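> Each residue of the sequence shown is one higher than the last, beginning at 2 in the working numbering.
Think of the CB as a built atom: it goes at the ideal place given N, C-alpha and C, for glycine as much as any other residue.
As the structure is a computational prediction, the values presented were derived from the model and not from experiment.
The structure follows.
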Amino acid sequence: MIGGVNSIIEYLEKTYALSIGGTSEDGMFSLLEAECIGSCDHPPAMLIDDKLFEGLTIDKIGSILNSYR
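Put into structure tokens, the structure is as follows:
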């Protein structure tokens with residue numbers, strides 16, 4: 002996987018009880034793998050409701066996901 006995404010997946014599994022292919026207990030988030038979302042120059046990246054987030058770190062992801070709750 003690109004750009005340290007393994008540590009981010011571990012964080013999501015522990016913090017949000019998400020696993021690849023799964024959905025959080027509250028139904029707010031799903032974690033899906035994608036080969037390409039058009040952001041290879043700024044990994045890791047994710048999409049939420051078609052909004053692209055790039056250059057992610059665990060701190061950034063926590064802040065982003067908490068803003069959607």
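Spatial neighbours of Tyr12 within its chain, please: C-beta separation below 6 Å, excluding the five flanking residues on both sides.
So the qualifying residues of the chain are Ile59.
> Have a look at Ile38, Thr24, Pro45, Ile9 and flag the residue whose alpha-carbon is nearest the alpha-carbon of Asp51.
Of the candidates Ile38, Thr24, Pro45, Ile9, the one whose C-alpha sits nearest the C-alpha of Asp51 is Ile38.
> Rounded to whole angstroms, what is the Cα-Cα separation between Glu14 and Cys41?
Answer to the nearest angstrom: the Cα atoms are 23 Å apart.
> Spell out the partners DSSP gives Ile62 in its beta bridges.
DSSP lists no partner for Ile62.
> Quick one: give me the first and last residue of the beta strand (DSSP E) that Leu57 is part of.
Looking at the DSSP string, Leu57 is not in any beta strand (DSSP E), and its letter there is neither H nor E.
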